[in-house]
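Undergrad:
There are 2 protein chains.
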Amino acid sequence: MTLIDGQLEQADNATPASVDLAVSTVVFALRPHPITGEDTIWLPLVRRIREPFLGQWALPGGPLAPEDDLAASAAKSLNRTTGLKPRYLEQLYAFGNVNRSPDRVVSIVYWALVRASEDTRESIGENVEWFVADEIGQLAFDHNDIVNYALTRLRTKITWSPIAHGFLDPEFTLAQLRSVHESVLGRQLDPANFRRQLLSTGFIEPTGTSVQGASHRPPALYRFIPREKRNEP
Amino acid sequence: MTLIDGQLEQADNATPASVDLAVSTVVFALRPHPITGEDTIWLPLVRRIREPFLGQWALPGGPLAPEDDLAASAAKSLNRTTGLKPRYLEQLYAFGNVNRSPDRVVSIVYWALVRASEDTRESIGENVEWFVADEIGQLAFDHNDIVNYALTRLRTKITWSPIAHGFLDPEFTLAQLRSVHESVLGRQLDPANFRRQLLSTGFIEPTGTSVQGASHRPPALYRFIPREKRNEP
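Going down the list, the protein sequences come from chains A and B.
Under the working numbering, read the first sequence as residues 15 to 247, first letter to last.
Under the working numbering, read the second sequence as residues 15 to 247, first letter to last.
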């Protein structure tokens, strides 16, 4: 038996208890900017009430409980903080640089999108506040890096995936969908180009109905096509 | 202070030492299939020499050392096993289901692609073997799930990203690039369509030179355009 194998067979076996593990969540919602009134990306943060980083804002999260799967842990801490139970909750990345925390902590980060109709503030904790994602100050740990990573992922992914779904009600108009893309990307999109591009992706289909009680040309409603029914190239 | 906040502020702070952390790596290389002779996807596995799963094959990896960043840990265990130092090494996913191991272990998995010219077997451990990725038996832990996840990611990502780069020398012909795509996808691709699609992605550019010493129509050489020089939509 070689030293090589003596080290290797440790994989997935008892680890020295020297690295701690946390699960945190970045939750994005679209709400009007307090000054411009334009919809923009917000996220909830939690004020730390203990060292390190006492008094600074941080992402909602906590240590992984032995009885919880990773996504369950993310959903639990999110629900405790914000009262939200997002439909879209996905693993983002594991952040584990040696210097990201005074103790050695690896944080597995999930991200969630919530639609306007889910975005209540009922059971929000007293140390929780929502912020405009592009205007947060210095966060605890490496959480600014994490938020920036999540924003980049959101802005990239919305151009090639049906992720806008997470911000919309099940049925929506093309103008509402375009508005979500514009709010995420922070720029205007040409309506005709947007319509052509979105319809060519095969992500959405008309429901066959239109907005009720609208004017003489009520806009058509669309829905996202579930992955298993999509014709992907 | 509420119980809500009392729990929340634990994020990224001292975790109870009840969940262990490992880093494992899926390494893909293209080599001829032993029966068909067609290039196909291979990966190295390590035979376990201790319980649990004594004698079964598992991904290379090990516990995260406190002094190592995540990617450094993946690179180290990979180098110990296979002698490889892949240029492409990326975080794949964190696997943390409660029942994936007798102990509670979360495994952060990296994946790597190695090109034929890197793919030496010099310093391979005695309990390490390469397998055809689609023909592995029952692995330890949830490592079959991990390998399948990585294969799906590879086969999806190659259709919309310049990931084939990881399997190729810096300069290559379109036929070599198409061969990589065909080996990964396991099916033939139409040369004219492939050429048109690849050139439209903006990932590659002609080097201006051709294969030396070839016939009367030497094929042109291409290279991948670095991300920072690419014109992405």
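Every residue, glycine too, gets a C-beta built ideally from N, C-alpha and C.
Report all residues from its chain with a CB closer than 8 Å to the CB of residue 158 (chain B); omit the five preceding and five following residues, and keep chain order.
TA: Answer for residue 158 (chain B): 150 and 152, listed in chain order.
Undergrad: Assign residue 214 (chain B) to one of two classes, buried (16 or more other C-beta atoms within 10 Å of its C-beta) or exposed (fewer than that).
TA: Classification of residue 214 (chain B): exposed, given that the 10 Å Cβ count is below 16.
Undergrad: Compute the Euclidean distance between the alpha carbons of residue 248 (chain B) and residue 78 (chain B), then round it to the nearest angstrom.
TA: Missing from the structure shown is residue 248 (chain B); chain B here goes from 15 to 247 and no further.
Undergrad: Given a cut-off of 8 Å, decide if residue 55 (chain A) and residue 42 (chain A) are closer than it, judged by their beta-carbon atoms.
TA: Their beta carbons are under 8 Å apart, which means residue 42 (chain A) touches residue 55 (chain A) by this criterion.
Undergrad: Alpha carbon to alpha carbon, how far is residue 74 (chain A) from residue 203 (chain B)?
TA: Their Cα atoms are separated by approximately 47 Å.
Undergrad: Would you kindly work out how many angstroms separate the C-alpha atoms of residue 45 (chain B) and residue 166 (chain B), rounded to a whole number?
TA: Their Cα atoms are separated by approximately 19 Å.
Undergrad: Using a cut-off of 8 Å between C-beta atoms, extract the partners of residue 108 (chain B) located in chain A.
TA: Within 8 Å Cβ-Cβ: 84, 105, 108 and 122.
Undergrad: For residue 19 (chain A), does the count of other Cβ atoms within 10 angstroms reach 16, so buried, or fall short, so exposed?
TA: Annotation note: pLDDT 34 at residue 19 (chain A) (below 50); position unreliable, coordinate value reported separately. It is buried - the Cβ of residue 19 (chain A) has at least 16 other Cβ atoms within 10 Å.
Undergrad: Does the separation of the CB atoms of residue 221 (chain B) and residue 212 (chain B) fall below 8 Å?
TA: In this structure, residue 212 (chain B) does not lie closer than 8 Å to residue 221 (chain B) by Cβ.
Undergrad: Indicate whether the contact test is met: 3 or more Cβ pairs, each with one atom in the region 108 to 118 of chain A and one in the region 176 to 196 of chain A, closer than 8 Å.
TA: With a cut-off of 8 Å, the region 176 to 196 of chain A and the region 108 to 118 of chain A do not count as touching, because too few Cβ pairs lie within range.
Undergrad: Mapping DSSP to helix, strand and coil, what is residue 190 (chain B)?
TA: Residue state, collapsed to three classes: helix.
Undergrad: Out of B:243, B:113, B:207 and B:40, which one is the CA nearest neighbour of residue 122 (chain B)?
TA: Answer by Cα proximity: B:40.
Undergrad: If you draw a straight line from the C-alpha of residue 67 (chain A) to the C-alpha of residue 154 (chain A), how long is it?
TA: Approximately 6 Å between the Cα atoms of the pair.
Undergrad: Mapping the DSSP letters down to three states, classify residue 161 (chain A) as helix, strand or coil.
TA: Helix.
Undergrad: Can you look up residue 60 (chain B) in the DSSP assignment and give me helix, strand or coil?
TA: Note: residue 60 (chain B) maps to strand in three-state DSSP.
Undergrad: Quick check on the burial criterion: 16 or more other C-beta atoms within 10 angstroms. Buried or exposed for residue 199 (chain B)?
TA: By the neighbour-count rule (16 or more Cβ atoms within 10 Å), residue 199 (chain B) is not buried but exposed.
Undergrad: For residue 103 (chain A), which residues of its own chain have a beta-carbon under 7 Å away from its beta-carbon, when the five flanking residues on both sides are left out?
TA: Correct list, in chain order: 85, 88, 89, 124 and 126.
Undergrad: So with CB distances below 7 Å, who are the chain B contacts of residue 118 (chain A)?
TA: What residue 118 (chain A) touches in chain B: 80.
Undergrad: Buried or exposed, going by whether 16 or more other CB atoms sit within 10 Å of the CB of residue 33 (chain A)?
TA: Per the 10 Å Cβ criterion, buried.
Undergrad: How would you list, in chain order, the residues of chain A whose beta-carbon sits under 7 Å from the beta-carbon of residue 32 (chain B)?
TA: Those within 7 Å of residue 32 (chain B) in chain A are 80.
Undergrad: What is the residue span of the beta strand (DSSP E) that residue 77 (chain B) lies within?
TA: It spans 75 to 77 - the beta strand (DSSP E) in which residue 77 (chain B) sits, taken as one unbroken run.
Undergrad: Could you spell out where the beta strand (DSSP E) holding residue 9 (chain A) opens and where it closes?
TA: Nothing about residue 9 (chain A) can be read from this structure; chain A reaches only from 15 to 247.
Undergrad: How about residue 238 (chain B) and residue 217 (chain B): are their beta carbons less than 8 Å apart?
TA: Yes, they are a contact pair.
Undergrad: Using a Cβ-Cβ distance cut-off of 8 Å, determine whether residue 199 (chain B) contacts chain A.
TA: Closer than 8 Å: no.
Undergrad: What does residue 111 (chain B) touch in chain A if you count any residue whose Cβ is under 9 Å from its own?
TA: Residues of chain A passing the Cβ test: 83 and 84.
Undergrad: Could you work out which residues of chain A lie near residue 98 (chain B), taking near to mean beta carbons separated by less than 9 Å?
TA: Here the premise fails: no neighbours, minimum Cβ distance about 14 Å.
Undergrad: Which residues in chain A sit within 8 Å of residue 35 (chain B), going by Cβ to Cβ distance?
TA: Those are 29, 33, 35 and 120, listed as they occur along chain A.
Undergrad: Taking residue 169 (chain B) as the reference, which of B:196, B:160, B:145 and B:190 has the closest Cα?
TA: Of the candidates B:196, B:160, B:145 and B:190, the one whose C-alpha sits nearest the C-alpha of residue 169 (chain B) is B:196.
Undergrad: Smallest Cα separation from residue 210 (chain B): which of B:225, B:191 and B:227?
TA: The residue with the shortest Cα to Cα distance from residue 210 (chain B) is B:191.
Undergrad: Give a single yes or no on whether residue 112 (chain B) has its beta carbon closer than 7 Å to a heavy atom of the ligand ZN.
TA: As presented, the structure is devoid of all ligands, the ligand ZN included, so that no description of it is given.
Undergrad: Cβ of residue 142 (chain A) within 8 Å of Cβ of residue 95 (chain A)?
TA: In contact: residue 142 (chain A) and residue 95 (chain A) (Cβ atoms closer than 8 Å).
Undergrad: For residue 205 (chain B), count the other beta carbons within 10 Å of its own beta carbon; 16 or more makes it buried, fewer makes it exposed. Which is it?
TA: Classification for residue 205 (chain B): exposed.
Undergrad: Helix, strand or coil for residue 67 (chain B) per DSSP?
TA: Coil.
Undergrad: Near residue 233 (chain A), which residues of its chain fall below 6 Å by C-beta distance, leaving aside the five closest residues on each side in sequence?
TA: 187 and 225.
Undergrad: Taking only beta-carbon atoms, is residue 174 (chain A) less than 8 Å away from chain B?
TA: Answer yes: the Cβ-Cβ gap between residue 174 (chain A) and chain B drops below 8 Å somewhere.
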